[in-house]
Structures are given as C-alpha cells and as structure tokens.
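Note sheet for the following structure.
Listed below in structure tokens is the structure:
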C-alpha cells in the first residue's frame with residue numbers, strides 16, 4: 004500500500020516539475036510581476052490598481068499582446084514593506100519573469116532599484132526590468148537612477164511645476180501644508196523652488212508639516228490658514244490626511260482655493276462633497292471627462308465600460324500607457340529579453356489613449372507625458388463616487404513643458 | 010485673541026469627542042482590569058451601523074438604534090466569550106480583544122468595502138451656528154458638545170443615584186468585596202461592558218460623519234483613547250473627563266502655537282544658530298510634534314504618578 008502511494012507521489016512530483024520548468028522555454032504568456040500593498044491600511048490602493056490592471060491587460064491581449072503572446076499578471080502582496088518587495092523580486096526571478104511592477108511607496112521603489120541592479124549584475128542570463136508605476140520621489144530618476152528602472156508617472160518635481168503653472172494670476176499668497184516624511188518634504192521643497200522660478204510674485208505665507216496619518220482634527224490648522232490670509236492652500240496630502248483636511252476646511256467655510264495632488268483618488272470626492280463645488284483642484288494624469296472634452300469617443304466608451312463593471316471610477320490611464328509601451332518595445336526589439344526590450348524602450352515615443360505623444364526619456368528613464376489640473380465641479384458627464392460632481396480640466400500642461408533637467412548618470416550594460 | 014478663542018472651542022469639541030470614546034473604556038478597564046483593544050472597533054461599528062441605518066430610517070432614529078446595536082453586541086461578546094477567557098487571566102483577555110479588533114476590522118472591510126463611506130451630517134445641522142471672528146462654528150460641532158454633555162450628565166446620575174450605579178461604583182474599586190457581599194458581579198460586568206460598548210458606538214455615530222468613516226478609523230483613534238484613560242486614572246470618570254479635555258486642548262493649541270525650544274532660549278538670551286549642538290532638535294516648531302505630546306504626557310504620568318490624575322485603583 005505504502006509502496007503504491009510512493010509510486011503515485013513520485014509520478015505526480017515528476018509531472019509537476021516538468022510543467023513548472025516549462026516557464027523557461029514557454030512560448031506561452033509574458034508574465035509581469037506586480038507588487039503593492041494588498042493588505043493592511045493601504046490595501047485599497049493595491050486592490051484597485053489590480054482591478055484596473057486586469058481590465059487593461061484584457062484589452063491589450065485583445066489587441067495581440069506582444070510578439071503574438073499574451074500578457075499575464077502575477078501579484079504579490081508587499082504589505083508596504085521593502086523587505087517583502089524584495090521577496091517579490093526573488094519570486095519573480097525564480098520564475099524567470101522579465102518585468103516587475105510597483106506603484107506605492109518611494110522607499111520601496113528605492114529598495115527595488117538597488118535589488119534589481121544587484122541581481123542583474125550577478126545573473127546576466129536571468130535579468131529583470133523594474134517598471135515603476137507610481138513612486139514619485141524625484142531622486143529615483145536622478146541621484147538613484149538605474150538603467151533597469153523605468154518610471155511611468157510624473158515625479159514630484161513635474162507635478163509641482165504643473166501646479167505652479169495652474170495658479171491664476173490673482174493668487175499671490177499661498178499656504179503649504181504637507182506630510183512630514185520623504186514625499187511631503189519633497190513636495191514642500193519643489194513647490195518653493197518652482198514658485199521662486201515661475202511665480203516670484205507669489206508669497207508663501209505659511210509652511211506646515213504634519214505628522215503622517217496622526218492628525219484627526221484639522222480645525223486648528225484651518226484656523227491658522229485663515230489667520231494667514233492665504234488665497235490658496237497647496238498640499239500633497241493623501242489618504243485620511245487629505246480627506247480630513249478638506250472636510251475641516253469645508254465645514255468651517257474657509258474661502259480658499261485648494262490645490263492638491265491626490266484629491267481625485269479614493270475617498271476624496273466623498274470628503275469634498277457638494278459644498279466643494281468649484282473649490283478643489285487636483286493635479287492628475289487622467290480623469291474620466293477628458294475624453295469627453297477632447298472628443299475621443301472610443302476612450303470614453305472604454306472607461307465607461309469599466310465604471311459599469313466596478314464600484315469605483317477609472318483613474319489609471321498611466322497603467323494602460325505602461326502596457327502600450329511594453330507592447331511597442333517588445334515588438335520593436337523582437338524579443339521579451341529584458342536587455343533587448345529595455346534598449347528598445349528607452350527613447351521610445353508612442354501615442355497614448357488620450358491622443359498625446361508620450362516619450363520614455365533616454366537619459367534617466369523618466370516618462371514625459373501630459374498632465375492636467377482638474378477642478379471638482381457640477382455639470383460634468385461622469386461624476387465621481389456617486390456625488391453628482393466630477394472633475395473638469397482647467398489646465399493642460401504638455402509633455403514638452405515638463406522636460407525638466409536631471410542629474411542621472413546611469414551605467415549602461417553592453418551585453 | 011481670535012486664534013485663542015477659536016482654538017479653545019476647537020479643543021473643547023475634540024476633547025468631548027475623546028471623552029465619549031474614553032468614558033466607556035474607563036469603565037470597562039477599571040472594572041475588569043483588561044485593556045479592551047476592541048473598544049475603538051465598537052466606535053467604528055457605531056459609525057457604520059449609523060450609516061446603514063440612517064439610509065433606511067434617517068439619522069435621528071439611528072442615533073438611538075446604532076448604540077443599542079453596539080451595546081447588544083458588547084453584551085453578547087461578554088457573556089459568551091470574554092467570560093470564558095476571563096478564567097485564564099488578564100493576558101488571555103487582552104489577546105482575545107486584540108484578535109477581536111482584527112476580526113471586526115476585516116468584517117467591516119468585507120461588508121462595507123475598503124473605501125470611506127458617505128456618512129454625512131444631517132442637512133438640518135449642516136450649517137454654521139454662529140460666527141467667531143469670521144470663521145464659522147459649525148452647528149454639528151455644537152450638537153456634538155450637547156450630546157457629550159448630556160451623556161456625561163446621564164452617566165453621572167446613573168452611577169451616583171441608582172442602585173445599580175452604586176454597585177458598579179463599588180465594583181470599580183473593590184470587585185472582590187462586592188462579589189463576597191452577594192451581588193451578581195458577572196451580570197454587573199456584562200452591563201458595564203455592554204454600556205461601555207454602547208457609549209463607544211454613540212461616539213461613532215456622532216464622530217463618524219464629523220470625521221471620515223472608513224475601515225482604518227479604529228486603528229487611528231485607538232491609541233489616543235488609551236492615553237486618555239491611563240492619564241485620567243482608573244476608577245475615575247471625572248479624571249477621564251478632565252484628561253480628555255486636557256488632551257484635546259493640548260493637541261489643538263500645539264498646532265497654533267508656532268514656537269520651538271530655540272524661541273524659548275532666545276527669551277533667555279541664548280541664541281541658537283545652525284552651528285549649535287542639537288540645533289535641528291531645538292528648532293523643531295511645536296506644531297510638527299504636536300501629535301506626539303499626548304504620548305509624552307502618558308510617559309510622564311506613568312513615571313511620576315502611575316495611578317493617573319485622579320485614579321483610585323492600581324492598573
């Protein structure tokens with residue numbers, strides 16, 4: 004009896020090994036490893052990203068995928084920890100996956116850049132490319148840049164410049180309020196730099212750093228902002244720090260313009276509510292009404308279909324750009340080999356789903372794409388989070404306007 | 010002057026919200042000696058129940074129904090779970106409440122989703138009550154003050170003027186003696202646990218639409234409530250009240266007072282430049298560390314007066 008059991012087990016094991024090593028020689032799918040927090044306080048971020056990725060990959064595969072093969076997403080929960088993200092990297096390289104993607108947390112991104120560099124140097128036959136879908140600290144494509152890292156979202160410096168360009172001429176007093184960590188301090192620094200450069204007439208009447216995620220009652224801050232006489236509040240806050248700040252401002256009747264970086268993401272529209280009509284602006288890569296404004300009906304239909312199938316609004320146009328870049332680069336290189344398609348990807352220009360020409364800059368692997376400042380208002384076709392109000396474009400900044408200088412000095416592999 | 014008055018009001022409102030949340034925990038902690046990690050979860054459940062109930066029958070009935078639901082849930086937890094775990098000691102009870110907090114958080118995420126829900130202030134209260142130097146004092150904040158004051162008054166009356174209240178008071182400081190005198194201490198425990206949970210639920214109903222109602226609200230409110238309870242002292246509701254107000258005012262005034270150690274030293278004639286040792290630490294403005302002050306005060310009180318401000322029992 005035991006003898007038979009051993010026979011069967013070893014047969015099954017042999018079969019399992021055969022099929023799992025198939026990945027090395029696969030003419031099957033092109034796998035992409037995606038790691039982000041899928042549990043814990045930021046689970047919502049990872050989860051919503053995942054759902055949008057799945058929708059996008061279905062679309063791309065429907066258009067032939069790359070090299071005649073389909074893309075397949077493999078997800079790995081990194082629990083917002085750099086150490087877990089490195090485990091994701093290991094899991095990816097163990098399966099010979101050519102691409103790893105990550106969006107949330109510049110500290111995690113920095114760890115991944117270093118990890119990928121080391122791995123690729125030691126394992127030239129099993130390399131991997133790191134696609135950064137949202138970690139925006141400016142340093143990652145400057146001091147910390149790497150050939151194997153491609154950033155697919157505008158960094159803090161670019162977002163700050165977009166915001167400064169959107170400030171109307173009659174606003175001369177601004178109040179800065181940010182979260183007290185790497186990203187928030189980066190916003191603070193870049194905002195002041197761009198204000199000095201592009202709008203020297205504007206005076207910063209208040210400059211505040213708040214502890215990350217700790218403040219529940221923003222009314223004292225609102226009191227200070229009012230006392231300073233500021234006409235605009237500029238903040239990079241996200242999550243509860245953003246929603247509570249806006250709520251406190253609305254409740255106390257603060258007569259001010261809000262310029263944010265993340266009010267268009269989850270929870271923002273609900274927090275602003277109908278009272279915020281015309282008051283809150285956000286810097287964003289996409290909102291569902293842009294396609295309506297520019298008349299791109301196919302894109303509008305595509306995001307509308309997503310809306311119908313999910314309980315949140317589509318915001319990740321940049322993710323579709325990622326896969327369109329991967330598709331174009333792999334087809335151009337004729338291979339899914341990381342070195343070959345990375346070389347094809349840098350310097351590549353494609354047209355994104357909103358009709359703009361986006362470029363992957365060669366010197367620092369930073370994407371150059373269009374950016375928008377939207378205002379939260381009534382009377383738009385697609386509302387956000389069922390509030391009846393939605394985003395309307397107020398300012399469009401073209402890719403060439405965001406072509407900022409960089410200090411990257413990357414080592415290029417030759418083979 | 011304007012900033013002082015407005016900040017006083019802000020601090021008062023925030024302090025009263027803390028009190029609503031902490032009063033239930035003080036009663037539970039004082040009585041049962043166990044730190045109930047799931048107390049803030051009851052706060053969260055109160056907010057979510059009120060959100061769902063108010064969509065069906067309106068906010069005002071929800072104001073009564075949601076705390077009752079939380080109280081009922083608390084009673085069930087106490088009778089069928091906590092009582093059994095009680096035999097195994099304080100650590101076991103503590104771990105049980107920690108596990109309970111996780112389960113409640115996950116259940117809320119599964120039932121209502123990961124995004125914040127649109128639990129709004131009722132329209133009749135969504136307006137300015139009066140103007141203070143140009144900013145509005147929102148009517149809902151006045152309502153919060155009213156509810157917490159009434160609640161404090163009712164609890165005080167219950168504890169000092171009713172028989173069950175006297176038994177509870179005695180059990181707060183001498184539970185073994187009360188049991189020896191023949192009172193049904195387990196039933197008192199259940200009543201207190203249910204009552205505490207209902208209070209937390211009420212705080213959730215009131216606070217959930219003032220702040221944001223989302224699955225992480227228990228985790229963010231939890232720590233500050235523990236600080237208030239320990240700072241105020243075990244066994245004393247008055248101590249809890251004073252501690253809540255102190256914490257509320259400290260956190261509020263820390264934000265508006267833009268001073269640092271360097272400014273203090275400048276008054277004494279010592280100038281702090283970038284070359285001074287510890288210059289970075291000395292020039293930190295108070296608003297930047299304001300949120301840490303309650304925890305600093307907690308450490309101080311545990312070092313200097315471990316029983317808390319007005320505590321009558323050891324932890």
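Residue numbers (the working numbering), protein chains in the order written: chain A, 4 to 418; chain B, 10 to 324.
The beta-carbon is built from N, C-alpha and C at its ideal position, and this holds for glycine as well.
Mapping the DSSP letters down to three states, classify residue 65 of chain B as helix, strand or coil. Reduced to three states, the DSSP call for residue 65 of chain B is helix.
Taking 8 Å as the CB-CB cut-off, is residue 16 of chain B touching chain A? So yes, residue 16 of chain B belongs to the interface.
May I ask you to list the residues that DSSP assigns as paired with residue 146 of chain B? DSSP lists B/139 as the beta-bridge partner residues of residue 146 of chain B.
7 Å CB neighbourhood of residue 72 of chain B in its chain, flanking five on each side removed: Cβ within range, chain order: 214.
Between which residues of its own chain and residue 252 of chain B is the CB-CB distance below 7 Å, once the five residues before and five after are set aside? Take residue 252 of chain B, set aside five residues on each side of it, and the residues of its chain with a beta-carbon closer than 7 Å to its own are 237, 240, 241 and 318, in chain order.
Less than 8 Å between the beta carbons of residue 178 of chain A and residue 90 of chain A, yes or no? No, they are not a contact pair.
Just the Cα atoms here: how many angstroms apart are residue 116 of chain A and residue 152 of chain A? Just so you know, the alpha carbons of residue 116 of chain A and residue 152 of chain A end up roughly 6 Å apart.
Residue 25 of chain A at chain B interface by Cβ criterion, 8 Å: The predicted position of residue 25 of chain A is uncertain, since its pLDDT is 41 and thus under 50; a value taken from the coordinates is nonetheless stated next. The beta-carbon of residue 25 of chain A is placed no less than 8 Å from the nearest beta-carbon of chain B.
Which of the three DSSP states, helix, strand or coil, is assigned to residue 259 of chain A? In the structure shown, the three-state DSSP call for residue 259 of chain A is coil.
Spatially closest choice to residue 133 of chain B from B/67, B/303 and B/160, by CA coordinates: If we check each option's Cα against that of residue 133 of chain B, B/67 comes out closest.
Residue-chain proximity (residue 250 of chain A, chain B), Cβ-Cβ < 8 Å: Closer than 8 Å: yes.
Excluding the five sequence neighbours on either side, which residues of its own chain have a C-beta within less than 7 Å of the C-beta of residue 404 of chain A, listed in chain order? Correct list: empty, nothing qualifies.
I want to verify the contact list: residues of chain B whose CB lies under 9 Å from the CB of residue 387 of chain A, in sequence order. Per Cβ cutoff of 9 Å: no residues; residue 387 of chain A is ~12 Å from chain B at best.
Measuring alpha carbon to alpha carbon, tell me which of A/331, A/108, A/155 and A/136 ends up nearest residue 87 of chain A. Taking only the C-alpha atoms, the option nearest residue 87 of chain A is A/108.
Just the chain A side, please: which residues come within less than 9 Å of residue 193 of chain B by C-beta, in chain order? Residues of chain A passing the Cβ test: none, with the nearest at roughly 39 Å.
For a contact meaning CB atoms closer than 8 Å, what does residue 12 of chain B contact in chain A? Ordered by position in chain A, the residues that pass the 8 Å Cβ test against residue 12 of chain B are 226, 227 and 230.
For the stretch 290–320 of chain B, enumerate the residues whose C-beta is nearer than 9 Å to any C-beta of chain A, in chain order. Cβ contacts with chain A: 294, 296, 297, 298, 299, 300 and 301.
Is residue 111 of chain A buried or exposed, if buried means 16 or more other CB atoms sit within 10 Å of its CB? When all chains shown are included, residue 111 of chain A counts as buried.
Please confirm if the stretch 280–300 of chain A is in contact with the stretch 172–182 of chain B, defined as three or more CB-CB distances below 8 Å between the two stretches. By the Cβ criterion, the stretch 280–300 of chain A is not in contact with the stretch 172–182 of chain B, since fewer than three pairs of Cβ atoms, one from each stretch, lie closer than 8 Å.
Residue 222 of chain A: first and last residue of the uninterrupted alpha helix (DSSP H) it sits in: Segment 222–231, the alpha helix (DSSP H) holding residue 222 of chain A.
Whose Cβ in chain B lies nearer than 7 Å to the Cβ of residue 40 of chain A? None at all; the shortest Cβ gap to chain B is about 11 Å.
For residue 89 of chain B, decide whether its Cβ has a neighbour in chain A, counting only Cβ atoms nearer than 8 Å. With a threshold of 8 Å between beta carbons, residue 89 of chain B makes no contact with chain A.
Please report the distance separating the alpha-carbon of residue 333 of chain A from that of residue 297 of chain A. C-alpha separation (whole angstroms): 30 Å.
Pairs of beta-carbons, one from the stretch 259–278 of chain A and one from the stretch 350–367 of chain A, closer than 8 Å: are there three or more? The stretch 259–278 of chain A is not in contact with the stretch 350–367 of chain A.
Can you tell which of A/58, A/184 and A/40 has its C-alpha closest to the C-alpha of residue 312 of chain A? Of the listed residues, the one whose Cα sits closest to residue 312 of chain A is A/58.
Would you kindly check if the distance between the Cβ of residue 215 of chain A and the Cβ of residue 182 of chain A is under 8 Å? Closer than 8 Å, so yes.
When you compare only the Cα positions, how much space is there between residue 401 of chain A and residue 97 of chain A? Distance between the alpha carbons of residue 401 of chain A and residue 97 of chain A is about 41 Å.
Would you call the stretch 261–273 of chain B and the stretch 294–309 of chain B touching, i.e. three or more CB-CB distances under 8 Å? With the cut-off at 8 Å, the stretch 261–273 of chain B and the stretch 294–309 of chain B touch.
So is residue 263 of chain A in contact with chain B if we call contact Cβ pairs under 8 Å? Judged by the 8 Å Cβ criterion, residue 263 of chain A is not in contact with chain B.
With 16 as the cutoff for other CB atoms within 10 Å, does residue 419 of chain A come out buried or exposed? This structure cannot settle anything about residue 419 of chain A, because the visible part of chain A is limited to 4 through 418.
Ordered list of alpha helix (DSSP H) runs contained in the stretch 32–78 of chain B, each at least 4 residues: Taken in chain order, the complete alpha helix (DSSP H) segments of 4 or more residues contained in the stretch 32–78 of chain B are 48–66.
From what residue to what residue does the alpha helix (DSSP H) around residue 108 of chain B run? For residue 108 of chain B, the enclosing alpha helix (DSSP H) starts and ends at 99–121.
Where residue 205 of chain B and residue 231 of chain B are concerned, what is the direct C-alpha to C-alpha distance, given to the nearest angstrom? Spanning the two alpha carbons is a distance of roughly 15 Å.
Coil, strand or helix - residue 180 of chain A by DSSP: Here residue 180 of chain A sits in strand by DSSP.
Between which two residues does the alpha helix (DSSP H) containing residue 57 of chain A stretch? Segment 46–65, the alpha helix (DSSP H) holding residue 57 of chain A.
Option nearest residue 50 of chain B by Cα separation, candidates B/274, B/224, B/166 and B/310: Taking each of B/274, B/224, B/166 and B/310 in turn and checking the Cα distance to residue 50 of chain B, the smallest one comes out for B/224.
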